[in-house]
Amino acid sequence: MSTLAWIVTSGVAMSAIALIGSVTLLLKPEQLQRLLLPLVAFAAGSLLGGALLHMLPGAIEEMGFRPAVFLWVLAGFTAFFAVEQFLHWHRGHRVIVGVEPRPLTYLVLIGDGLHNFLGGLAVAAAFIVDVRVGIGAWLAAAAHEIPQELGDFGVLVHGGWNRKRALFYNLLSGLTFLVGGLIAYAASARFNLTFLLPLAAGNFLYIAASDLVPEVKHNHGLRDNAVHLAALVSGIALLYLLRVQLGE
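Residue numbers are given in my numbering: position 68 of the sequence shown equals residue 142, and the series is strictly consecutive.
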């Protein structure tokens, strides 16, 4: 497939993940919580693996082993810290039950749309550099999207939205990933977008370290902690195996 075809396909597939939120309607809150935490741990491992095993090596290969690469990583980390600090961007993955956080529902959608748009820019830049790097970046982002969409959909429904409306707006929010990808592809004809790789790596590292790991690092009991550790390691291992296979 062409680079554009990879970008469009990945964007459509990422948008479709938004529909997974409907699963929350079939599960009890306690069941969903038991499912979410291992998924969050797996997503954290996938993001770490995507950043350190795919995007950062790809950036170094393109830009050279220079301080500028790591400055872009730090810039990506700091930028998303600033977004959460000053825009109060809530990236939690817990489903809120028994309350009606109506203002939060719009904040969740806006934050999710912005996040997907930036993710689309980054993953498209990865595909432009190397399809193999793009696949790894997309897989890491997709692993993060699954628990995120489960949590976000639950917040929308419990915030007073009906199921169809919540699914529709979640899907629209997911489509911003495709929009970001197409904009990146169009811009790549005139600009060098390689810097987006280390910038996105910093984003991935921030989400994993700040938003995901704190959700599962607390003491949930020996058995649950072992499950969470195994899930995190599995996420890293999956991205490592993908790196090995794509490298071959």
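For each residue, glycine too, the CB sits at the ideal point set by N, CA and C.
Query                                                                                                                                       : Result
Please classify G309 as buried or exposed, where buried requires at least 16 neighbouring CB atoms within 10 angstroms.                     : buried
Near A261, which residues of its chain fall below 8 Å by C-beta distance, leaving aside the five closest residues on each side in sequence? : L267
Between L145 and the rest of its own chain, which residues show a CB-CB distance below 7 Å, the 5 nearest in sequence each way excluded?    : none
D186 by DSSP, collapsed to three states: which one?                                                                                         : helix
Measuring straight from C-alpha to C-alpha, what distance separates A127 and Y314?                                                          : It is Leu, not Ala, that sits at residue 127 in the sequence shown. Computed Cα separation, rounded: 7 Å.
Verify the CB distance criterion: does R206 have a CB-CB separation below 8 Å to chain C?                                                   : Looking at the structure shown, chain C is missing, and only one protein chain is on hand.
Which of the three DSSP states is assigned to L315 in this structure?                                                                       : helix
Between L93, A87, T83, W80, which lies nearest to R239 when the distance is taken from Cα to Cα?                                            : L93
Quick check: M129 and L256, are their CB atoms within less than 8 Å of each other?                                                          : no
Any idea what DSSP makes of S262, helix, strand or coil?                                                                                    : coil
Whole angstroms is fine: what's the gap from G194's alpha carbon to L110's?                                                                 : 24 Å
May I ask which residues mark the beginning and end of the alpha helix (DSSP H) holding F278?                                               : 270-280
If you follow the alpha helix (DSSP H) that A87 is in, where does it begin and where does it stop?                                          : 77-90
Determine the DSSP secondary structure at W235, reduced to helix, strand or coil.                                                           : coil
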